[in-house]
Structures are given as C-alpha cells and as structure tokens.
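Protein chains in written order, with this note's numbering: chain A, 1 to 151; chain B, 152 to 302. Heads up, the beta-carbon is just placed ideally off N, CA and C, and yes, glycines get one too. Please read the structure below before turning to the comments.
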DNA sequence: GTCGGTAGTTGGTATTACAAACCATCTCAC
DNA sequence: GTGAGATGGTTTGTAATACCAACTACCGAC
C-alpha cells in the first residue's frame, strides 16, 4: 500500500534528482538554477522585474542582481514601459535565446536516460498524473486573468 | 501524444513546484534547501564529510561550512572515526532529530493539498512510475555494496 | 501640486559554493 | 621502519545568491 510518506519520498527524491541534473547542465553553461529558470521564463515573453520576483519567490533586490549579471553577460536586456515610467521590462537578447535553446536541448538529453525507462503509454500517464497533482488541468481559473500568469 | 518536451516540462515544473514548497518550509525553520537535505540524510545514519559532499554534489569545503553552521546551531555533531584518524563522522543531535521530524511533518502537510488530488490507486501508480524513472527498483545493483549508499 | 503607494535600485549582511593551499593521517613501497 | 604519495578535512579568498532596509523615481488620487 502507498502511504503519504511514500508519495512525499518519491516527490522529494524526484525533485532532488531533477534539480541535480538542472544544476549540472546549468553549471556547464555557467548558469545557476535560478538563472536557468529566468531564462526559461523569458524564452517566450517579456516580464517586469517584480512579476519575475514574485513568481520565483524572490525579493525584488535579488531579482535586480540576477538581471544585472545576466545583462552584463549579454543574455538579456532591460527596457522601459511606455505606459508606466516606473516599470522595467526584461527580455532576452538573441544570445540569450540561443543559450536557452542549447540548455534546453542539453536538459532533454540529460533526462532521456531516465525517461527512456518508460514506454510511451507510461510517459503519458506520468505527465498526466503530474499535471493533475500540480493542478495544470484544473478549471478553477476559468476566469480570464488580467495579466497572463508566468508559466 | 506525449512528446519528450512534455515529459521534460512536467518533470521540471514538478521539480520547481516541490523545491518551492521545500524552500518555504525550510525557511520557516531557518533552513536552506541544502541544510534540509543534510538533515534528511542524517536522520537515520551517520556519515563522513566527504560522503555527504559527494552525494550532494558539493565541494568538501562547502560541506565543512554547512556542518559548521548546523553544529553551531546545535543540530549536529562531529565525531572521530576510531579506525581512521582522518575521517570526521557527522551525526544528528537530539535537537536536530526533533527539528527534522517537525520539518518532515510540515512538508507532508504542505504537499497534501497536491497529493490529495489523486486517489489511492493513482498515487500508487505515480510513486511506481517515479521510482522506475529514477531507477529505485532496478536490480542492477544486486551486488552488495561495500558502503551502504546514502539514500 | 502634494501625498501615499508602487517599481526598482543600492548598500549592508549572511549563506552557499568553488578552488587552492594547507595539515594530519593513512598506506604502500622499499 | 621510513619516506613518498594519497586521502580526509579545514581554512582562506572570492563570487553569486538572497534577504532587509533605505532610497529614488514615478504614478494616481485628491
């Protein structure tokens, strides 16, 4: 029988396993786990500093620093919002997008040995179970959002 | 159809979701994610500094610092190994064990809303799929280990 | 136009992490 | 046994991550 402990264990172990892979791959490109996430988020959108911070659960000042360093590396850019002079919008440079693509490919490759242990039907089930657990498929948010949520 | 991208996405999203919970709960007890892991590992065993570092993918010196701070807080202790004067064994104090227990309870509680979205049969399947993906059930290591692996 | 609130940055501190240099101890060759 | 090299940990120095508090700039309402 599966206990609450088993589930917690499996989730936590999986988390550290995947986080380890992400940390390793990130490190190969000189990116911390957090920077990796920032790149992932900004791949298909621009975002304001505070929204990024809120979404990542970080302080604004931490976000400032992360952006500073990534900007110094030429991975992303700060831009002004014409409607509100206070907000700073952050978006990727071509170099940043290219790096993000390379990292994504590496991550997929690094996870392949693990995911290859499942057949297509099992993969399907795993994805659907994880989506359910973390409420990707819930319809409770059917009310249109004012600002599109970050991922 | 489930693509490699879907799987990667689900795993990565799950990882950040769970890591977020762990970071939050840890923070409530003044523990970083890494310190949380150390406590988790040492709950039912003692370990040498280098083994901890290797297992966590950290440098020895990083491990030294982590142990220092946890020791200063009275959560764990350093002891000598009678067979080899070089090695330092690390193990929990009663206070550390107690804290670890509290944290574990909190984590279980924090994950409950998520895991409650699945019925017992689904939970069973999820755990078994995750165990397969990360090779918990593989029999390739049927040869007895010289030193018991850390988790 | 002033005032309270919001968006970001800056400065200060602790923690996390690595690398290099170091000390102590062990082991193996001789 | 003794010396050379390897191994286990700590120390020191540096960078990145993260928080908080204080600050600047701007918005909106009155």
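query = Would residue 17 of chain A count as contacting chain B if we go by Cβ distances under 8 angstroms?
reply = yes
Partner residues on chain A for residue 188 of chain B, Cβ-Cβ distance less than 8 angstroms = 16
query = Is residue 44 of chain A buried or exposed, if buried means 16 or more other CB atoms sit within 10 Å of its CB?
reply = exposed
query = Quick one: does residue 132 of chain A have its CB under 8 angstroms from some CB of chain B?
reply = yes
ask   = The beta strand (DSSP E) spanning residue 90 of chain A covers which residue range?
value = 84-92
key: Cross-chain neighbours of residue 194 of chain B in chain A, by beta carbon under 9 angstroms   = Correct list: empty, because the minimum Cβ distance to chain A is about 12 angstroms.
request  = Identify, in the order they occur along the chain, each residue of the same chain with its Cβ nearer than 8 angstroms to the Cβ of residue 258 of chain B, setting aside the five sequence neighbours on each side.
outcome  = 172, 173, 176
message = Just list the residues that DSSP pairs residue 199 of chain B with in beta bridges.
response = B:240
ask   = When we look at the beta-carbon of residue 247 of chain B and count the other beta-carbons within 10 Å, is it buried (16 or more) or exposed?
value = buried
task = Verify the CB distance criterion: does residue 8 of chain A have a CB-CB separation below 8 angstroms to chain B?
result = yes
ask   = From residue 32 of chain A to residue 253 of chain B, what distance separates their C-alpha atoms?
value = 30 angstroms
query = Who pairs with residue 81 of chain A in a beta bridge, going by DSSP?
reply = A:84
request  = Report the residue from A:122, A:118, A:117, A:128 whose alpha carbon sits nearest the alpha carbon of residue 268 of chain B.
outcome  = A:128
ask   = Between B:287, B:277, B:283, B:286, which lies nearest to residue 4 of chain A when the distance is taken from Cα to Cα?
value = B:277
query = Are any of the Cβ atoms in chain A nearer than 8 angstroms to that of residue 258 of chain B?
reply = yes
message = Considering only their Cβ atoms, is the gap separating residue 167 of chain B from residue 13 of chain A smaller than 8 angstroms?
response = no
key: Residue burial classification, residue 287 of chain B (beta-carbon count within 10 angstroms, cutoff 16)   = exposed
task = Taking C-beta pairs closer than 7 angstroms, name the residues in chain B that residue 125 of chain A reaches, listed in chain order.
result = 276, 280
key: Proximal chain B residues relative to residue 120 of chain A, where beta-carbon distance stays under 7 angstroms   = 153
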